[in-house]
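**Q** Before I ask anything, here is the structure I am working with.
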Amino acid sequence: MPQKKLPPAIRPYILRFFSAMTLYVVFLVGAVWAFPRYHPTGPLAYLLAILPALPIMAVIGVVALYMTEEQDEFQRALLVRALLWGIGLTLAATTAWGFLEVFSLAPHLDLYLVFPLFCVLAGAANGIVRLNYK
Amino acid sequence: MKNELRVLRAQRNWSQADLAERLGISRQSVNAIETGKYDPSLPLAFKLARVFDTTIESIFSDQS
């Protein structure tokens, strides 16, 4: 079977993505471990609490970097379409959930779950968008 | 937009993968352009014209 060659821009993207996700796990475990043991206060508490968010922000930067490095304009167009679907669906779902919460019809949704929700929806949209071009 | 990519490829006996390699894009992208599902940008259209040693107008024509 012929081996499928990865587009050149994908390799650094995957490396950067998994590096950021590794940092995320390390920072998250670190923050969850340190908070109940050391009870940090003041700026240190804020820094420790926000630490797991930093690699997530880096992931957004990694995707933006991929967009600038991907030389294949059609692949970029497909990704933009998938991201727009992901953004739209995430905003729609979280807005609806927010109103359900206001009227006590849904449990509280922690805001840090919005990004994973976006990733799932954009990932699903990416698969569906590409179905048209098989 | 209609295009003559399939004919031009056939004349040179190139597969979609061959053309994709010459353009530095994926085979999926070549297929999307060839089947009219995606209209390339002007720079990519020029690149296509150069690869086939012809003009953009002789590859693409406006259907409407």
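Going down the list, the sequences are from chains A and B.
Residue numbering for the first sequence follows the working numbering, starting at 1 and increasing by one per position.
Residue numbering for the second sequence follows the working numbering, starting at 1 and increasing by one per position.
For glycine and all other residues, C-beta sits at the position ideal for the given N, C-alpha and C.
Taking M57 of chain A as the reference, give the member of A:A31, A:Y112, A:Q71 and A:A45 with the closest Cα.
**A** To locate residue 57 of chain A, count along the first sequence from 1; it is residue 57. Closest by alpha carbon: A:Y112.
**Q** Relative to the C-alpha of L79 of chain A, which candidate in A:R130, A:R16, A:A34 and A:F103 has its C-alpha closest?
**A** If you number the first sequence from 1, residue 79 of chain A lands on position 79. Considering only alpha carbons, the answer is A:R130.
**Q** Between M1 of chain B and D53 of chain B, how many whole angstroms is the CB-CB distance? I'm expecting something under 8 Å.
**A** Working through the second sequence from its first residue, we reach residue 1 of chain B at position 1. Working through the second sequence from its first residue, we reach residue 53 of chain B at position 53. Rounded, the Cβ-Cβ distance is 21 Å, inconsistent with contact.
**Q** Using a threshold of 8 Å, state whether the C-beta atoms of A8 of chain B and I59 of chain B are closer than that.
**A** Working through the second sequence from its first residue, we reach residue 8 of chain B at position 8. Working through the second sequence from its first residue, we reach residue 59 of chain B at position 59. It should be noted that the sequence gives Leu, not Ala, for residue 8 of chain B. Yes, these two residues count as a Cβ contact at 8 Å.
**Q** For a test of your reading of the model: does the CB of T35 of chain B fall under 7 Å from any non-hydrogen atom of the ligand PLP? Yes or no.
**A** This structure lacks the ligand PLP; in fact it carries no ligand of any kind.
**Q** Can you confirm whether the region 119 to 130 of chain A touches the region 81 to 95 of chain A when touching is taken to mean that 3 or more C-beta pairs between the two stretches lie within less than 8 Å?
**A** The region 81 to 95 of chain A vs the region 119 to 130 of chain A: in contact.
**Q** What residues in the region 36 to 55 of chain B have a beta carbon less than 8 Å from any beta carbon of chain A?
**A** Per Cβ criterion, the list reads K37, Y38, P40, S41 and L44.
**Q** On a Cα-Cα basis, can you pick out the residue from A:L65, A:H108 and A:T95 that is closest to R11 of chain A?
**A** As a first step, residue 11 of chain A must be located in the first sequence, where it is residue number 11. Measuring from the Cα of R11 of chain A, the nearest candidate turns out to be A:L65.
**Q** Does the contact criterion of 3 or more C-beta pairs under 8 Å hold for the region 8 to 24 of chain A versus the region 41 to 48 of chain A?
**A** The region 8 to 24 of chain A, when compared against the region 41 to 48 of chain A, does not touch it at the 8 Å Cβ threshold.
**Q** Could you have a look at K37 of chain B and say whether DSSP puts it in helix, strand or coil?
**A** Here residue 37 of chain B corresponds to residue number 37 of the second sequence, with the count starting at 1. K37 of chain B: coil per DSSP, three-state reduction.
**Q** Which residues of chain B have a Cβ atom closer than 8 Å to the Cβ of P7 of chain A, listed in chain order?
**A** Against the first sequence, residue 7 of chain A aligns to sequence position 7. Within chain B, the residues near P7 of chain A are S26.
**Q** Could you tell me the distance, in whole angstroms, from the CA atom of I128 of chain A to the CA atom of W33 of chain A?
**A** By 1-based counting over the first sequence, the position of residue 128 of chain A is 128. By 1-based counting over the first sequence, the position of residue 33 of chain A is 33. Answer to the nearest angstrom: the Cα atoms are 39 Å apart.
**Q** Do you know how far the Cα of T95 of chain A is from the Cα of M21 of chain A?
**A** Within the first sequence, the letter at position 21 stands for residue 21 of chain A. Within the first sequence, the letter at position 95 stands for residue 95 of chain A. So the two alpha carbons sit approximately 27 Å from each other.
**Q** When burial is assigned at 16 or more other CB atoms within 10 Å of the CB, is N31 of chain B buried or exposed?
**A** One-based indexing of the second sequence puts residue 31 of chain B at position 31. Result: buried.
**Q** Rounded C-beta distance between A31 of chain A and L51 of chain A? I'm assuming under 8 Å.
**A** Position 31 of the first sequence, counted from the start, is the residue given in the question as residue 31 of chain A. Position 51 of the first sequence, counted from the start, is the residue given in the question as residue 51 of chain A. Contact holds; Cβ gap of about 5 Å.
**Q** How many whole angstroms separate the CB atoms of A92 of chain A and L117 of chain A, which I take to be in contact at a CB cut-off of 8 Å?
**A** If you number the first sequence from 1, residue 92 of chain A lands on position 92. If you number the first sequence from 1, residue 117 of chain A lands on position 117. In fact, because the Cβ distance is near 11 Å, the residues do not count as touching under 8 Å.
**Q** In the DSSP assignment, find the alpha helix (DSSP H) that holds G86 of chain A and state where it starts and stops.
**A** Looking up residue 86 of chain A in the first sequence gives position 86. Looking at the DSSP string, the run of the alpha helix (DSSP H) that includes G86 of chain A is E73 to V102.
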